[in-house]
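Chemist: Have a look at this one before I ask anything.
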Amino acid sequence: MKEKVIEKILTLLAFSAISILLLITAFIFKEGFPLILKAGINDFLFSAKWAPTKGHFGILSMVISSLAVTFGSIVMGVPLALACAITLAEFCPPRLLVFLKPTIELLAGIPSVVFGFLGVILLVPLIREYLGGPGLSLLAASIILAIMILPTITSISIDAIQAVPLLYKEGALAMGATHWQAIRLVILPAARSGVVTAIILGMARAIGETMAVIMVAGNALKIPVSILDPVRTLTSTIALEMGYSAGDHRTALFAAGIILFIFIMGLNILANALMRKK
Amino acid sequence: MMHINPTLSQKIMKVLLWGLTGLTIGILFFIIFFIFFNGLPQISWTFLSSNPVDMGRSGGIWATIVSTVYLIGIALFFATPLGLGTAIFLTEYTREGLITKIIRFGTESLAGIPSIILGLFGFAIFVMAFGWGWSLLSGGLTLSTMLLPTIIRTSEESILAVPREYREVAFSLGVGKWKTITRVVLPSALPGIMTGIVLSIARSVGETAVIIFTAGSSLRFPESIFESGRTLAVHFYILAREGISMSMAYGTAAILVLLILIINISAYLLMRMFMKKFS
Amino acid sequence: MPEFDQNKIQVKELTVLYGNESSLQSISLDVPKNQITGIMGPSNSGKSTLLRILNRLSDLIPNILIRGKVYLDGEDILRSHYDVNRLRARVGMVFAKPIPLPRSIYENLTFGPKIHGLKERRRLDERVEQSLRAAILWDEVKDRLFESALNLSGGQQQRLCIARTLAMQSEVILLDEPTSGLDPISTAKIEEALRSLKKDYTIILVSNNTKQIARISDKVAFFLMGDLVEYGPPDKLFTSPADKRTEDYVSGRFG
């Protein structure tokens, strides 16, 4: 009797995460979707004119900016993350690994506001001085994000590489391949789906990051043409304008949130599907 | 095409890969060093124990420490029972099937939702719909949605690590299922579960996007959970972004990084303790 | 019914299926009170399954299908609303691998009694001493009752596990190959303990070790692929078995 009650309660608790997910979806759509209909899908998605107090709700420049910083962070972050993953999983003695892996994961623990702050203090002046432009830029945001997503990609890639059966490696080495050849020709291809999952999750993290990007990206509302241009992402717009928005302006921010939510869920579902395929 | 000797190319790659790994670890140590170098000299007992004065230009950070503690306390108060309950259900009360697939999908997806979306959600539901305004309660509840997936995952892993035989022993002594879980399984899994909670605290300490729209940023000392409050991380963000005081910003950042270091290292040690127990 | 006076447990036409695979086929056997009943047979013969049904640990196995009856003191224990926790308190189990809980020796022994409501410190102390003496472990551990049970040797751990079921004041002790991982000296100690325990308890011992079964059993059952091939006194089974398969097994021709 008592056991039955406990089981019922636990079953209920177990549905908390999925319920919250559904609640989030419902609330974001309920708040934002009417505006998309009001503004018209075309004018919302494919116009770069964002002046919500004057009835213009085009988010194109933000979408492009979000994609651009994400792409930039992947271009810079993935090689670095993979280098760390290969080194730690293949070249690193186990006793050093138990120390180095948590150290790299600690990088994920540094608050994003601290990353943003260091970006402003150290990175932005460097870019302004040596590359030109205002410094606060797509490039600065990409570099900071590259460092921020690195631990995610490294950590999942290490697991993927370690999951490759030892037999594959031994087979390659037995045929006279060097360790590096074995990694390049046998181990990495076998770990591919795990590594791709890691990169996708890194992308999801980059596109959703807010505070660090606000601090270093410059937040200019236009479609960037150079990596030295300042950009304003979907997340930055929401965070910057939420505080003072009202009426249609506020709903427009929720509508931008819907687009972000769709991107993220798409990436998550893709990552999940890839993980399952293994 | 130039042919490179495989042994040579292996040497080159090894140097390159170790170099990049060194660079990454170097970046981490540089961040910690830079913040401590500039921030630790700002820290004193008065800095910690007095309230901010003049938007934080002078005074200390006491009110923000209190707000941070409140917020994390509220978040864990809700996230721990939900997360632990989910983990117990997944490990002890069900077998892999459609239901566990749905629950796992929910947990993994929730873990992937960026904090700004959680912030929007918390704003729409707690601040507006429930009418609690910007308050520590709204912030804590929103934060708990961010912590829930971590707590579920770490608790589930720790419970699964408890040898199945312990359950059989308890059952064979006529101990009921729930008592077996509370008296045998959970005590053995405790260090692992604690690791998850400790890591959640670390994440909460550094979080800003979730909190700024739900708990607000009032600098007043919070008298109740229905008042707005400014956490350490939010305070640091505002000090730095609005250029209020560089020295205060560095001091606050040093406290943030110090806390995160201490919490992460304790989580690491707890985890090692747990692993040792079952190997 | 007088037969319950001598028979602690009666199994009637018990058939067990895992999914589609049959594990026991229409087994009937009476387990006499205050004796050691040995069960032998090669692996997958169904002997461990039988043991698990006797205290309903079989409830934990998914897709198990049980037909037939099992009586403990004349009570049907397979009834769906039977109180399994009370049953398991009466019918204790010792597993192949010694599994002390990660606590002190004392707490291992008092864990069960406490949960079943015994709170009084003095009576708990009594139980601990009695059960340790009965399991012939008292002299070795009396000075370190509050040390972790994990520090004991394998043989001591297994005797602790026996003592743990004794501390429950159970009536039946089921042992599933309790000495399979132990050295001969530890094994001898456990056999000695079992011999002295049978005056108060009904013991069922499953073992792969036919010599052990021959040494200490009062009655022996031979299982093969889910069938109870032969059941009787050890002299009969080991010297003049009725069935050719028993003869092959005890002479070491298979298994």
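If you read the protein sequences in the order shown, they are chains A, B and C. Position in the first sequence (first residue = 1) + 1375 = the numbering used here. Position in the second sequence (first residue = 1) + 209 = the numbering used here. Position in the third sequence (first residue = 1) + 71 = the numbering used here. Glycine included, each C-beta is placed from N, C-alpha and C at the ideal position. Since the model is a prediction, treat every value here as computed from it, not as a measurement.
1) With distances taken from CA atoms, which of B:426, B:345, B:397, B:463 is nearest residue 480 of chain B?
2) On a CA-only basis, which of B:357, B:382, B:415 is nearest residue 462 of chain B? Give me that one, please.
3) Is it buried or exposed, residue 1376 of chain A, if we count other Cβ atoms within 10 angstroms and call 16 or more buried?
4) Are the region 1469-1484 of chain A and the region 1555-1569 of chain A touching by the rule of at least three beta carbon pairs closer than 8 Å?
5) Does DSSP put residue 1425 of chain A in a helix, in a strand, or in coil?
6) Is it true that the region 376-386 of chain B meets the region 164-176 of chain C, where meeting means three or more beta-carbon pairs spaced less than 8 Å apart?
7) For a cutoff of 8 Å on Cβ pairs, would you count residue 1545 of chain A as touching chain B?
8) Would you kindly work out how many angstroms separate the C-alpha atoms of residue 211 of chain C and residue 246 of chain C, rounded to a whole number?
9) Flag residue 84 of chain C as yes if its beta-carbon sits less than 8 Å from any beta-carbon of chain B, otherwise no.
10) Buried or exposed: which applies to residue 163 of chain C, given that a residue is buried once 16 or more other Cβ atoms fall within 10 Å of its Cβ?
11) For my contact list, residue 1459 of chain A and residue 230 of chain B are in at a C-beta cut-off of 8 Å; report their separation, rounded to the angstrom.
12) Around the C-beta of residue 1454 of chain A, are 16 or more other C-beta atoms found within 10 angstroms, so that it is buried, or is it exposed?
13) Mapping the DSSP letters down to three states, classify residue 250 of chain B as helix, strand or coil.
14) Counting along the chain, where does the beta strand (DSSP E) carrying residue 142 of chain C start and finish?
15) Taking residue 1444 of chain A and residue 1588 of chain A to be in contact with their CB atoms under 8 Å, please state how far apart those CB atoms are, rounded to whole angstroms.
16) Check each residue of the region 273-295 of chain C: if its Cβ is closer than 8 Å to any Cβ of chain E, include it; give the result in chain order.
17) I want to see whether chain A comes within less than 8 Å of residue 450 of chain B, judged by CB atoms only; does it?
18) Closer than 8 Å, CB to CB, is residue 111 of chain C near chain B or not?
19) Would you say residue 176 of chain C lies against chain B (beta-carbon separation less than 8 Å)?
20) I'd like the list of long-range same chain contacts for residue 108 of chain C, defined as Cβ closer than 6 Å, with 5 residues on each side in sequence excluded.
21) Quick test of the definition: if touching needs 3 or more C-beta pairs under 8 Å, does the region 248-263 of chain C touch the region 223-236 of chain C?
22) For a test of the three-state rule: what should DSSP assign to residue 1499 of chain A, helix, strand or coil?
23) Between residue 311 of chain C and chain B, is the shortest Cβ-Cβ distance under 8 Å, so that the two count as touching?
24) Determine the direct distance from the alpha carbon of residue 1631 of chain A to that of residue 1416 of chain A, and round the result to whole angstroms.
25) My guess is that residue 1399 of chain A and residue 326 of chain B are in contact by the Cβ rule of under 8 Å, so how many angstroms apart are they, rounded?
26) By the DSSP assignment, the alpha helix (DSSP H) with residue 289 of chain B in it spans what residues?
27) Measuring CB to CB, does residue 1392 of chain A end up less than 8 Å from residue 361 of chain B?
28) Using a Cβ-Cβ cut-off of less than 8 Å, give me the residues of the region 119-141 of chain C that come near chain B, in sequence order.
29) If you draw a straight line from the C-alpha of residue 203 of chain C to the C-alpha of residue 239 of chain C, how long is it?
30) In this structure, what does DSSP give as the bridge partners for residue 244 of chain C?
31) Just to confirm, is the Cβ distance from residue 257 of chain B to residue 241 of chain B under 8 Å?
32) Buried or exposed for residue 1542 of chain A, going by 16 or more other Cβ atoms inside 10 Å?
33) For residue 289 of chain C, does the three-state DSSP call read helix, strand or coil?
34) In whole angstroms, give me the CA-to-CA distance for residue 319 of chain B and residue 1462 of chain A.
35) Are the CB atoms of residue 1609 of chain A and residue 1434 of chain A within a distance shorter than 8 Å?
36) Please list the terminal residues of the continuous alpha helix (DSSP H) segment that includes residue 184 of chain C.
Modeler: Judging by the given coordinates:
1) Locating residue 480 of chain B in the second sequence gives position 271, where the first residue counts as 1. If we check each option's Cα against that of residue 480 of chain B, B:397 comes out closest.
2) Position 253 of the second sequence holds residue 462 of chain B. Ranking B:357, B:382, B:415 by Cα distance to residue 462 of chain B puts B:415 first.
3) What you label residue 1376 of chain A is simply residue 1 of the first sequence in a count that begins at 1. It counts as exposed.
4) no
5) Taking the first residue of the first sequence as 1, we reach residue 1425 of chain A at position 50. Here residue 1425 of chain A sits in strand by DSSP.
6) yes
7) Residue mapping note: residue 1545 of chain A aligns to position 170 of the first sequence, counting from 1. It does not; no Cβ of chain B falls within 8 Å.
8) Numbered from its first residue, the third sequence carries residue 211 of chain C at position 140. Numbered from its first residue, the third sequence carries residue 246 of chain C at position 175. Looking at the two C-alpha atoms, the distance is approximately 22 Å.
9) If you number the third sequence from 1, residue 84 of chain C lands on position 13. Chain B, which has no Cβ nearer than 8 Å to the Cβ of residue 84 of chain C, makes this no.
10) Reading the third sequence from its first residue, position 92 is the one you call residue 163 of chain C. Burial call: buried.
11) Numbered from 1 along the first sequence, position 84 holds the residue referred to as residue 1459 of chain A. Numbered from 1 along the second sequence, position 21 holds the residue referred to as residue 230 of chain B. Going by Cβ atoms, the distance from residue 1459 of chain A to residue 230 of chain B rounds to 5 Å, so yes, they are a contact pair.
12) For this step, residue 1454 of chain A is matched to residue 79 along the first sequence. Residue 1454 of chain A is exposed by the Cβ-count criterion.
13) Along the second sequence, one-based indexing puts residue 250 of chain B at 41. The answer is helix: DSSP assigns residue 250 of chain B an H, G or I state.
14) The residue given as residue 142 of chain C occupies position 71 in the third sequence. Run containing residue 142 of chain C: 135-143, per the beta strand (DSSP E) assignment.
15) In the first sequence, counting from the first residue as 1, residue 1444 of chain A sits at position 69. In the first sequence, counting from the first residue as 1, residue 1588 of chain A sits at position 213. About 6 Å separates the two Cβ atoms, so the contact holds.
16) Of the protein chains in the structure, A, B and C, none is chain E.
17) Start at 1 with the first residue of the second sequence, and residue 450 of chain B comes out as number 241. Yes, its Cβ sits closer than 8 Å to a Cβ of chain A.
18) The sequence position of residue 111 of chain C within the third sequence is 40, counting from 1. Cβ-Cβ to chain B under 8 Å: no for residue 111 of chain C.
19) Here residue 176 of chain C is taken as the residue at index 105 of the third sequence, counted from 1. So, not an interface residue.
20) Within the third sequence, residue 108 of chain C is the residue found at index 37, counting from 1. These residues qualify, in order along the chain: 102, 275, 290.
21) yes
22) Against the first sequence, residue 1499 of chain A aligns to sequence position 124. Helix.
23) By 1-based counting over the third sequence, the position of residue 311 of chain C is 240. Chain B contact via Cβ: absent.
24) Position 41 of the first sequence, counted from the start, is the residue given in the question as residue 1416 of chain A. Position 256 of the first sequence, counted from the start, is the residue given in the question as residue 1631 of chain A. Distance between the alpha carbons of residue 1416 of chain A and residue 1631 of chain A: 12 Å.
25) Residue mapping note: residue 1399 of chain A aligns to position 24 of the first sequence, counting from 1. Residue mapping note: residue 326 of chain B aligns to position 117 of the second sequence, counting from 1. Yes, residue 1399 of chain A and residue 326 of chain B are in contact; Cβ-Cβ is about 7 Å, under 8 Å.
26) Translated into positions along the second sequence, residue 289 of chain B becomes position 80. Counting along the chain, the alpha helix (DSSP H) containing residue 289 of chain B begins and ends at 271-301.
27) The residue you call residue 1392 of chain A lines up with position 17 of the first sequence. The residue you call residue 361 of chain B lines up with position 152 of the second sequence. Contact: yes.
28) 126, 128, 131, 133
29) As a working note, residue 203 of chain C is residue 132 in the third sequence. As a working note, residue 239 of chain C is residue 168 in the third sequence. Looking at the two C-alpha atoms, the distance is approximately 12 Å.
30) Sequence index remark: in the third sequence, residue 244 of chain C carries index 173 (1-based). Answer is C:163, C:274, bridged to residue 244 of chain C.
31) The residue you call residue 257 of chain B lines up with position 48 of the second sequence. The residue you call residue 241 of chain B lines up with position 32 of the second sequence. In this structure, residue 241 of chain B does not lie closer than 8 Å to residue 257 of chain B by Cβ.
32) Residue numbering aside, residue 1542 of chain A sits at position 167 when the first sequence is read from its first letter. Exposed, because fewer than 16 other Cβ atoms sit within 10 Å of the Cβ of residue 1542 of chain A.
33) Within the third sequence, the letter at position 218 stands for residue 289 of chain C. Residue state, collapsed to three classes: coil.
34) As a working mapping, residue 319 of chain B is identified with position 110 in the second sequence. As a working mapping, residue 1462 of chain A is identified with position 87 in the first sequence. Their backbone Cα atoms lie some 31 Å apart in a straight line.
35) For the purposes of this step, residue 1434 of chain A is taken as residue 59 along the first sequence, with counting starting at 1. For the purposes of this step, residue 1609 of chain A is taken as residue 234 along the first sequence, with counting starting at 1. Yes. Within cutoff.
36) As a first step, residue 184 of chain C is located in the third sequence; it is residue number 113 there, counting from the start. Unbroken alpha helix (DSSP H) run through residue 184 of chain C: 176-186.
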